[in-house]
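Here the sequence shown stands for residues 0 to 231, numbered as in numbering that gives the first Met the number 0. One structure below.
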Amino acid sequence: MVRILVHKFVTLSKMVSVLLVGGTTVLICYALIPFVKIRFGHLYTSRVGHLCYNMDNYLAGRRERNSDEWGVFRTDKHISNKMILSSWSKEKNILFTKFAYFPFHFLSKLMPHSRLLISWKSELHPEFSVVSATRIIFTLRKSDEISGSELLNELGITGQFICIHNRDSAYLEHYHSDGNVHDYRDFEFDDFKCTIEKITKQNISAVRLGEIVKKESDISNPMFIDLTGSKR
Numbered sequence: 000m001v002r003i004l005v006h007k008f009v010t011l012s013k014m015v016s017v018l019l020v021g022g023t024t025v026l027i028c029y030a031l032i033p034f035v036k037i038r039f040g041h042l043y044t045s046r047v048g049h050l051c052y053n054m055d056n057y058l059a060g061r062r063e064r065n066s067d068e069w070g071v072f073r074t075d076k077h078i079s080n081k082m083i084l085s086s087w088s089k090e091k092n093i094l095f096t097k098f099a100y101f102p103f104h105f106l107s108k109l110m111p112h113s114r115l116l117i118s119w120k121s122e123l124h125p126e127f128s129v130v131s132a133t134r135i136i137f138t139l140r141k142s143d144e145i146s147g148s149e150l151l152n153e154l155g156i157t158g159q160f161i162c163i164h165n166r167d168s169a170y171l172e173h174y175h176s177d178g179n180v181h182d183y184r185d186f187e188f189d190d191f192k193c194t195i196e197k198i199t200k201q202n203i204s205a206v207r208l209g210e211i212v213k214k215e216s217d218i219s220n221p222m223f224i225d226l227t228g229s230k231r
């Protein structure tokens, strides 16, 4: 009984916060439109595909409209790739902040067609997109290249290398599934064994990537580097 009451109190508190804080923020942003346009969205940072594709789509669309609007985003608690998120945060008029939770939820629940709401279907994750055919937006800065070179030296990689990753169920099981069916995308890392043998014979390093994996690799090859789990 106590848990139920606490849960209801927390839910009610969030609703009141969204109405008061979110509503006030939205009202202020509408008043500021003649001077600066501020819009709110949610970037799904727990999935690296969404982290890359959705922001790339939004920025490409903003560039196409020649808009200087501010894109203010809330993120998931988990960040699948902090380096990519950091790079996006350096783009002009892009801000990631927990505060965006309030105006975003106010807009998405009460004003879903507001021009202040960054649309999931048309701007972040459109069914059809030609963003891959447009001029590249994501770039590596000089500091990123220097950090990357230092990491390669630490790993003993001096020549060419290929990064390898297999999708399995471990990641979503750890960070909670989104309710969709993903099993058909999963496969075993052992399927790469022939590939790894082939490329390492050509003096090309093979690097396995992945935050959480279902099965550890048993490959014994001086040119194979495992950067999964605690080895990252």
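Just so it is clear, CB atoms sit at the ideal spot from N, CA and C, and this is done for glycine as well. Given the structure is predicted, the values throughout are model-derived calculations rather than measurements.
For Ala59, the uninterrupted alpha helix (DSSP H) segment begins and ends at Val47 to Glu63. Where Trp87 is concerned, the enclosing alpha helix (DSSP H) starts and stops at Lys81 to Ser88. Residue range Gly22 to Leu31 is occupied by the alpha helix (DSSP H) that includes Val25. Spatial neighbours of Ile195 in its own chain (CB-CB distance under 8 Å, excluding positions within 5 residues in sequence) are listed in chain order as Ile163, Ala205, Ile218, Asn220 and Phe223.
Separation of Phe188 and Glu172 (C-alpha to C-alpha, rounded to the nearest whole angstrom) is 18 Å.
Within the model, the alpha-carbon separation for Ser168 versus Leu109 is close to 36 Å. Measuring C-alpha to C-alpha distances from Asn80 to each of Pro33, Ser113, Arg64 and Arg46 identifies Arg46 as the nearest.
Per DSSP, the continuous beta strand (DSSP E) segment holding Phe223 begins and ends at Phe223 to Thr227. Assignment of beta-bridge partners to Cys162 by DSSP yields Val206. The DSSP-derived three-state label of Gly40 is strand. Excluding its 5 nearest sequence neighbours in each direction, Leu226 has C-beta neighbours in its own chain below 7 Å: Val206, Arg207 and Leu208, listed in chain order. Residue nearest to Pro33 within the set Glu68, Gly21, Asn53 and Ile203 is Glu68 (criterion: CA-CA distance). Scanning its chain for C-beta atoms nearer than 8 Å, with the 5 sequence neighbours on each side dropped, one finds around Leu94 the residues Trp69, Gly70, Val71, Phe72 and Ser88, in chain order.
Secondary structure of Phe188 (DSSP, three-state): helix. Ala132 counts as exposed, since fewer than 16 other beta carbons sit within 10 angstroms of its beta carbon. With respect to Ile78, Cys51 sits apart: the two C-beta atoms are not nearer than 8 Å. Taking C-beta atoms as the reference points, Val17 and Phe98 fail to come closer than 8 Å.
For Leu94, there is no enclosing alpha helix (DSSP H); the residue is found in the beta strand (DSSP E) stretching over Ile93 to Phe95.
Rounded to the nearest angstrom, the Cβ distance from Phe39 to Ile117 is 6 Å, consistent with a contact under 8 Å. Lys192 and Tyr170 have their C-alpha atoms some 22 Å from each other. Asn56 counts as buried, since no fewer than 16 other beta carbons sit within 10 angstroms of its beta carbon.
For Gly21, the number of other beta carbons within 10 angstroms of its own is at least 16, and it is reported as buried. The alpha carbon of Asn202 has as its nearest neighbour, out of Val130, Ile135, Ile161 and Asp182, the alpha carbon of Ile161.
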